[in-house]
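Reading the sequence shown from the start, the letters are residues 2 to 268 in this note's numbering.
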Amino acid sequence: MRKHILMDLPTFVHTKCRDTSKVYLRSKNIFRQFVPDELVKWEKPFPDYNPPDYTSENLRGKPWADSENLDEMRWNELDGKINRVSHITKYRIENKRPQNPFGRTGLQGRGTLGRWGPNHAADPIVSRFYNGKLQFIAIERGDTGEMAIPGGMVDPGEDVNETLKREFTEEALDGIDDKTLEELWKTGAELYRGYVDDHRNTDNAWMETVVVNFHDDKGILNEVKFKAGSDAKNVRWLTISPSECLKLYASHEHFIRLFAERHNIHL
Ligand code: RP5
Numbered sequence: 002m003r004k005h006i007l008m009d010l011p012t013f014v015h016t017k018c019r020d021t022s023k024v025y026l027r028s029k030n031i032f033r034q035f036v037p038d039e040l041v042k043w044e045k046p047f048p049d050y051n052p053p054d055y056t057s058e059n060l061r062g063k064p065w066a067d068s069e070n071l072d073e074m075r076w077n078e079l080d081g082k083i084n085r086v087s088h089i090t091k092y093r094i095e096n097k098r099p100q101n102p103f104g105r106t107g108l109q110g111r112g113t114l115g116r117w118g119p120n121h122a123a124d125p126i127v128s129r130f131y132n133g134k135l136q137f138i139a140i141e142r143g144d145t146g147e148m149a150i151p152g153g154m155v156d157p158g159e160d161v162n163e164t165l166k167r168e169f170t171e172e173a174l175d176g177i178d179d180k181t182l183e184e185l186w187k188t189g190a191e192l193y194r195g196y197v198d199d200h201r202n203t204d205n206a207w208m209e210t211v212v213v214n215f216h217d218d219k220g221i222l223n224e225v226k227f228k229a230g231s232d233a234k235n236v237r238w239l240t241i242s243p244s245e246c247l248k249l250y251a252s253h254e255h256f257i258r259l260f261a262e263r264h265n266i267h268l
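Shown next, in the form of structure tokens:
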């Protein structure tokens, strides 16, 4: 049975996309404005709120990225092949730009994200029990160096199930489509669909994802040769334990808790 769990919109407060201690990813000197927890929600008055407006130059002309012409975009709907529908809510448009439904981030613009509004991703948790311990395939990300689920962006017009398989193949199998995994792809159980507290999020662009667990209880994965793809530095089985799994990229810790609960492990 498919299970949908959304982060609770009224109470969840994003933190990773409010980090003021580091320069914004791949920028030279862009720092977020500090937003205290109690002023994250848009409803709270914050007269001094005037964050930097930053959209990476590297997005210009990229086929997978939006243009700066916001007038031509169809918000909250399927815009040609681009999915601008949020999993969470019907988002608001302020000054022509989509507004992050989880509140202020201390940065306007699109940052390094390709799309204004929701940027859709998919995260496959490929797992097994080994010597009685629950494990999943994790990558070490090339950009932040953090351990993460090998997820990635949904291409325009692509079915999420296809993205889950493609991203896993690209990042954990170095692009080699292993036919022995066909059986495993049929076992998918959805764990989460919603917002990601990603360090790239801004006031006008944010990550959303669908997390699906593919659990191997037939030993299919024992013979599979894992190899990190171009976006990853390393790939390995990560054993579920509070010390390792609570230091993951973006909201992946939350997803791993849901995954552990599915297998009756409470972190
Ligand atoms: C996270 O970023 C998602 O949960 C997904 O794992 C990932 C997708 O971004 P890229 O890996 O393509 O940069 O927010």
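Every residue, glycine too, gets a C-beta built ideally from N, C-alpha and C.
*By Cβ distance, which residues of its chain are closer than 8 Å to Lys45, with the 5 residues on each side in sequence left out?*
In the sequence shown, residue 45 corresponds to position 44, counting from 1. In chain order, Glu39 place their CB closer than 8 Å to the CB of Lys45, counting only its own chain and leaving out the 5 sequence neighbours on each side.
*Buried or exposed for His216, please, with buried defined as at least 16 other CB atoms from any protein chain shown within 10 angstroms of its CB.*
One-based indexing of the sequence shown puts residue 216 at position 215. That one is buried.
*Mind checking which residues open and close the beta strand (DSSP E) that includes Asn120?*
The count along the sequence shown starts at 1 and reaches residue 120 at position 119. Asn120 -> beta strand (DSSP E) spans 118 to 131.
_Distance between His264 and Arg3 (C-alpha atoms, nearest Å)_ = Position 2 of the sequence shown, counted from the first residue, corresponds to residue 3. Position 263 of the sequence shown, counted from the first residue, corresponds to residue 264. In this prediction, Arg3 scores a pLDDT of 46, lower than 50, which makes its location untrustworthy; the coordinate-derived value is nonetheless stated afterwards. Taking the straight line from one Cα to the other gives about 15 Å.
_Cβ shell of Pro119 (< 6 Å), same chain only, five flanking positions each side left out_ = On the sequence shown, residue 119 is found 118 positions in, with the first residue counted as 1. Only Ser87, Glu209 meet the Cβ criterion.
*Could you have a look at Ile257 and say whether DSSP puts it in helix, strand or coil?*
Translated into positions along the sequence shown, residue 257 becomes position 256. Looking at Ile257 - three-state DSSP - the assignment turns out to be helix.
*Would you please state the rounded distance, in angstroms, between the beta carbons of Gln100 and Asp199? I believe it to be under 8 Å.*
What you label residue 100 is simply residue 99 of the sequence shown in a count that begins at 1. What you label residue 199 is simply residue 198 of the sequence shown in a count that begins at 1. The beta carbons of Gln100 and Asp199 sit about 17 Å from each other, so the pair does not count as a contact at 8 Å.
_Beta-carbon contacts of Val212 that lie in its chain and below 6 Å, excluding the five residues immediately before and after_ = Here residue 212 is taken as the residue at index 211 of the sequence shown, counted from 1. Within the same chain, Val212 has close Cβ partners Asp124, Leu192, Tyr193, Phe256.
*Is the beta carbon of Gly104 less than 8 Å from the beta carbon of Lys42?*
Residue mapping note: residue 104 aligns to position 103 of the sequence shown, counting from 1. Residue mapping note: residue 42 aligns to position 41 of the sequence shown, counting from 1. Yes, the pair counts as a contact, with Cβ atoms nearer than the cut-off.
*Near ligand 1, which residues have their beta-carbon less than 5 Å from any of its heavy atoms, given in chain order?*
Ala122, Asp124, Gly152, Gly153, Met154, Val197, Asp199, Met208, Thr210, Ala251
*Ala149: which of Ala66, Gly158, His253 sits nearest, CA to CA?*
Within the sequence shown, numbered from 1, the residue matching residue 149 stands at position 148. Closest option to Ala149, Cα to Cα, is His253.
*Residues bridged to Asp38 by DSSP?*
If you number the sequence shown from 1, residue 38 lands on position 37. According to DSSP, which records beta bridges pairwise, Asp38 is partnered with nothing at all.
*Determine, using beta carbons only, whether Lys23 and Ala251 come nearer to each other than 8 Å.*
Within the sequence shown, the letter at position 22 stands for residue 23. Within the sequence shown, the letter at position 250 stands for residue 251. In this structure, Ala251 does not lie closer than 8 Å to Lys23 by Cβ.
_Own chain, CB closer than 8 Å to Asp20, minus 5 neighbours either side, in chain order_ = Here residue 20 refers to the residue found at position 19 of the sequence shown. Here the set comprises Arg33, His200.
*Return the residue from the list Glu184, Pro157, Gly112, Arg167 that minimises the CA-CA distance to Pro64.*
Stepping through the sequence shown from its first residue, residue 64 is reached at position 63. Sorting Glu184, Pro157, Gly112, Arg167 by C-alpha distance to the C-alpha of Pro64 places Pro157 at the top.
*Quick one: residues in its chain with C-beta nearer than 8 Å to the C-beta of Tyr50, no 5 flanking neighbours on either side, listed in chain order?*
In the sequence shown, counting from the first residue as 1, residue 50 sits at position 49. Only Gln34, Val36, Leu40, Arg105 meet the Cβ criterion.
*Can you tell which of Trp238, Asp175, Leu60, Pro151 has its C-alpha closest to the C-alpha of Asn223?*
For this step, residue 223 is matched to residue 222 along the sequence shown. Per the Cα distances, Trp238.
*Would you mind listing the beta strand (DSSP E) stretches within the region 166 to 197 that are 3+ residues and don't spill past its ends, in chain order?*
Inside the region 166 to 197, DSSP marks whole beta strand (DSSP E) runs of 3 or more residues at positions 190 to 197, from first to last along the chain.
*Using alpha carbons as the reference points, say which of Asp80, Lys234, Arg27, Ile83 lies closest to Ile140.*
Position 139 of the sequence shown, counting from 1, holds the residue named residue 140. Per the Cα distances, Lys234.
*For Val14, name the three-state secondary structure that DSSP assigns.*
Counting from one through the sequence shown, the residue named residue 14 turns up at place 13. Note: Val14 maps to coil in three-state DSSP.
_Assuming contact is defined by CB atoms lying nearer than 8 Å, are Asp67 and Trp117 in contact in what I supplied?_
Along the sequence shown, read from residue 1 onward, the residue named residue 67 stands at position 66. Along the sequence shown, read from residue 1 onward, the residue named residue 117 stands at position 116. Yes, the Cβ-Cβ distance between Asp67 and Trp117 is below 8 Å.
_Please give me, in chain order, every unbroken run of the beta strand (DSSP E) with length at least 3 that falls completely inside the region 15 to 82._
54 to 56
*Would DSSP call Val212 helix, strand or coil?*
For the purposes of this step, residue 212 is taken as residue 211 along the sequence shown, with counting starting at 1. Note: Val212 maps to strand in three-state DSSP.
*Taking Phe13 as the reference, which of Val197, Gly81, Tyr92, His267 has the closest Cα?*
Numbered from its first residue, the sequence shown carries residue 13 at position 12. Nearest to Phe13 by C-alpha distance, out of Val197, Gly81, Tyr92, His267, is Val197.
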